[in-house]
Ligand SMILES: [Zn+2]
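Numbering (this note's numbering), first residue to last: 2 to 376.
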């Protein structure tokens, strides 16, 4: 991760860069902030900058041998420690560790602003208590007893140190106080208050805020192009990027299941099901109604693409893709095209403030006919 790929935190980034440039580095730092702060990404960016062979004034170069490893999270002198629940894994301990480490890299790569929940979901540790074990503290000491492999420095990033078993925490006190030369600890936490005072007193605290609304908005453009909807997300998420991304996904999931139910009901001519759906549709706010119809039109386009055998163009995710493929198998192209036009009309009438319930019922009726008769 590079500093420039992480939104906001301008002052903090400048301070971090400066600390490396003037060589005044605390050997143990505590990167803390509220839930949703981007302190884990910033710790990774800090290590990337430290190892970089060709540091710029504001960021790592991103292309040197060290950077190319750091960007894949495989730099041998950046170590990660993170909580883990007791999951059933490979009996071969070394192999199990290698698998977990691979998953950890996937986590950092695909969910750079992920939460403990995202992490747990990724390795299958949901609903279980995760901790940093005593064994792990031995690993820390072992890893740091070796000289750096490629860099001048060694970095040990401990994510959620508050989950350290107390014997693990006590196990690292000494090395935290007096690490080997050129060794730097970064403890990354959203719950500094849960850390043992003995740990806290050995670190220099750097505090990271949540994102400003403009920075958050900018980050969401890719997942939510609609300005008004994005504004709502920004408002709800209050500076928490991972929360905003979750919300965006949730909304899309709701649309996709609603759309699937609707299309199935139309296909079966099931008005007992369609009637309550039109009531529900009526209850949504105008923006939600319009967005749902827009979403339905987007899906229709996907279905037509699937029908044309161009499914690789598809922007849909797993569940949606299955729906699109199934619908493309049972419905001929003219029906799909006309359905698209029906939705387009619905969108037009919604914009002109027609009764949402009437519009939904009318569209459902037309679509049922199109589906039923193969038009
Ligand atoms: Zn570099």
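All C-beta atoms in this analysis are idealised placements derived from N, C-alpha and C, irrespective of residue type, glycine included.
Review point. Secondary structure at residue 157, three-state DSSP: helix, strand or coil?
Key: Secondary structure of residue 157 (DSSP, three-state): strand.
Practice item. Measure from the alpha carbon of residue 155 to the alpha carbon of each residue in 184, 89, 325 and 173, then state which is nearest. Key: The shortest C-alpha separation from residue 155 is found at 184.
Review point. Is the distance from the Cβ of residue 49 to the Cβ of residue 20 below 8 Å?
Key: Taking 8 Å as the cut-off, the beta carbon of residue 49 is found no closer than this to the beta carbon of residue 20.
Review point. If you measure from the CB of residue 86, is any heavy atom of ligand 1 nearer than 7 Å?
Key: It does not: the Cβ of residue 86 is nowhere closer than 7 Å to a heavy atom of ligand 1.
Check your understanding: residue 151: beta carbon under 7 Å from a heavy atom of ligand 1?
Key -> Taking non-hydrogen atoms of ligand 1 into account, the C-beta of residue 151 is found less than 7 Å away from none of them.
**Study point:** Span of the alpha helix (DSSP H) around residue 15
**Key:** Here the alpha helix (DSSP H) through residue 15 covers 11-22.
**Study point:** Sequence ranges, beta strand (DSSP E) only - wholly within the region 185-241, length at least 3
**Key:** Correct list: 205-208.
Exercise for review: Quick one: measure Cβ to Cβ for residue 343 and residue 325, integer angstroms, because I've assumed they're closer than 8 Å.
Suggested key: About 18 Å separates the two Cβ atoms, so there is no contact after all.
Check your understanding: Is the closest heavy atom of ligand 1 to the C-beta of residue 68 under 7 Å?
Key -> Yes; taking the cut-off as 7 Å, the Cβ of residue 68 has a heavy atom of ligand 1 nearer than that.
Point to revise | CA-to-CA distance, residue 45 to residue 452, given in whole angstroms | key: With the chain covering 2 to 376 only, the question about residue 452 has no answer from this structure.
Review point. Under 8 Å, do residue 86 and residue 76 count as touching if we go by C-beta distance?
Key: Taking the C-beta atoms as reference points, residue 76 is found no nearer than 8 Å to residue 86.
Practice item. Tell me whether residue 376 sits in a helix, a strand or coil according to DSSP, three-state version. Key: Annotation note: pLDDT 39 at residue 376 (below 50); position unreliable, coordinate value reported separately. Three-state DSSP puts residue 376 in coil, outside helix and strand.
Review point. Ends of the alpha helix (DSSP H) at residue 121?
Key: Its alpha helix (DSSP H) spans residues 117-124.
Check your understanding: Any heavy atom of ligand 1 closer than 7 Å to the Cβ of residue 59?
Key -> Taking 7 Å as the cut-off, one finds no heavy atom of ligand 1 near enough to the beta carbon of residue 59.
Check your understanding: If you check the beta carbons only, do residue 78 and residue 138 fall under 8 Å apart?
Key -> Result no, Cβ atoms of residue 78 and residue 138 do not sit closer than 8 Å.
Exercise for review: Identify which residue in 359, 289 and 203 has its Cα closest to the Cα of residue 275.
Suggested key: For residue 275, the nearest C-alpha among the options comes from 359.
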